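Beneath this line is the structure, given in C-alpha cells, with notes to follow.
2 protein chains.
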Amino acid sequence: MNKTTAPKAPDHLREDALDRKEIFKGHLLHVVQDRVRLPNAREAYREYVLHPGAVMIVPLIMQSDGAALVVMERQYRHPVGQVMLEFPAGKLDPGEDPVSCGQRELREETGYVANEWAIAGQLHPCIGYSNEVIHVHFAQGLQAETRQLDDEEFLDVFTAHPDEVMDWCKSGLITDGKTLTACLWLNQWLKGEWPLEWMAVGPSRP
Amino acid sequence: MNKTTAPKAPDHLREDALDRKEIFKGHLLHVVQDRVRLPNAREAYREYVLHPGAVMIVPLIMQSDGAALVVMERQYRHPVGQVMLEFPAGKLDPGEDPVSCGQRELREETGYVANEWAIAGQLHPCIGYSNEVIHVHFAQGLQAETRQLDDEEFLDVFTAHPDEVMDWCKSGLITDGKTLTACLWLNQWLKGEWPLEWMAVGPSRP
C-alpha cells in the first residue's frame, strides 16, 4: 500500500486497508477507492487521490540593508476559478529527490537558481482525500536565469516584502493553503523563532 | 460553472471553461474533467474534485489566568496512513451557512457548544485539483455537552497550550495543512497582530 513511512496508529483509531479499486487515471489525477476495516471491525470505503508529492519553495532575495524580499507567483487556478498568489511549487518527478525538484521547479517557473537551500518541513494539504505531501523549502543566493514554463503553464513572477505578504494573508488576498503555511514558517523564521539550517547546493542542470 | 465569486482574471493568465465531463461520483469524491481554453488559445483538460466547502474551528478555552487553551483532535487519516493532529473541521451540508456548520461540527466531533464565534478567513487547501474552500472560524465561551460522532468517525479530543501547538508545527508533529494555517491565525491573533471580531451566537440544536 506504499505506506512505509506511516507510524503505527493507536488501535482505537487505526483503519486497516483491505483492498483497492482503481477509479480513474487521467491526465492529472489518479483516484483510487480503498476498502478499509474500521476500529469497530465494520468496513468502509475511502476514496482519494494518489499524488507523487510536491515541493514548495520560499525564495529569498537578500537586499543590501539585510532585509529579505520573497519571490511569488500569480497564477490562474481553474478549480477555484481565480488568480492565486502563491509561492513556487511543483510535483516530484519519479525518483526525484525533493531538493532537486525544488531547484528544477524554481528555475522552470521563475528563472531563478539558488545556491543555498533549507528544508523547513512538510505539509499534507488535503488529508481527507489525497495522499499528497508538500516539502517546504527555503532558497537564497538567487541568480536570475531564463525560465522554462511548460506549454500549459502561464504565470507572473513578482517580489514582495514579507510584511506585505503577511498583510495579504490577513486581508484574505492570499488563500492558497500551502502559501499560508509557508507564511507561518517565513514569519517564525524572520522573528528568529524557527531557525533554518542552510545547505550549499550546486546548480542542477537539465 | 458555479464560479460566481471568482474575480475576473487578467487576460494573459485566464483560462475559459468550454465543457465538462463527469468522471466519478462516489461515496465521498466527485471528480470532473473540464476542457478549457488556455491564454494562448490552445485547449487543455483540467481534472479536479468538486467539493461542497468546509469549516474549520479553532476552539478556545479561556483559563482563569487569561491564557487560552485550544481544543484539538487526533484522527487516523487513511489517505496519508497516519494519525493526524488537527483542529475540528467538517463539510458544509447543502444550503448550510458556515457558522451553523461550525457549530454542528464542533458539537458532533468534540461535544462543545460555543456562544461566541469569529470568522478569521478562508483557505483553499488544494488549488491544483480541488475547488474546496475551508472557512476558518474561532469559537469561545465553550460548554461541554455530548459528542455525536458519525458511524464511520473515530477520533480523540484533547486540549493543548498554543505554545505547545506551535512547537508541534515547528517539529513536524503537525503537518495537516489546514491546521498549520489555523496556527498562523492563532499565533498572529495571540500576538495582537490579527484581531478577531467576535459575534454572539445562540446554540443551534439539531
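Note that the protein sequences, when read in sequence, are chains A and B.
Per the working numbering, residue 1 is the first one in the first sequence, and the count goes up by one each step.
Per the working numbering, residue 207 is the first one in the second sequence, and the count goes up by one each step.
Virtual Cβ for every residue (Gly too), placed ideally from N, Cα, C.
What you are looking at is a predicted structure, and each value in this text was computed from that prediction instead of being measured.
Identify the continuous beta strand (DSSP E) that holds A/D34 and give its terminal residues. 30-37
Of all Cβ atoms in chain A, is any one closer than 9 Å to the Cβ of B/F230? yes
Whose C-alpha, out of B/S336, B/V276, B/G259, B/L219, is nearest the C-alpha of B/L396? B/V276
Tell me, to the nearest whole angstrom, how far the beta carbon of B/Q328 is from that of A/L13; I am working on the premise that it is less than 8 Å. So it is not a contact: roughly 29 Å between Cβ atoms.
In this structure, how does DSSP classify A/Q143 when only helix, strand and coil are distinguished? strand
At 7 Å on the CB atoms, spell out the chain D contacts of B/M290, in chain order. Absent from the structure: chain D. Protein chains present are A and B.
So A/A139 and A/L60 are supposed to be a Cβ contact under 8 Å. How far apart are they, rounded? 7 Å
From what residue to what residue does the beta strand (DSSP E) around A/L69 run? 68-77
Here's the rule I'm using: 16 or more other beta-carbon atoms within 10 Å means buried, otherwise exposed. How should A/S130 be labelled? Buried, by the Cβ-count rule.
Contained beta strand (DSSP E) runs [length at least 3] in the segment 296-357 of chain B, N- to C-terminal order: 318-329, 340-350
Spell out whether any CB of chain A is found under 9 Å from the CB atom of B/P245. yes
Hey, would you say B/L402 sits closer than 9 Å to B/A324, going by beta carbons? Cβ atoms of B/L402 and B/A324: closer than 9 Å.
By the DSSP assignment, the beta strand (DSSP E) with B/A366 in it spans what residues? 361-366
Quick check: is the beta carbon of A/V36 nearer than 9 Å to any beta carbon in chain B? yes
Beta carbon proximity, A/F87 to chain B, threshold 9 Å: no
A/A182 bridges to which residues according to DSSP? A/A182 is not bridged to any residue.
Residue range of the beta strand (DSSP E) that A/E22 falls in? 16-25
Figure out for me which residue from B/A350, B/E292, B/L386 has the closest Cα to the Cα of A/I134. Here the closest residue by C-alpha is B/L386.
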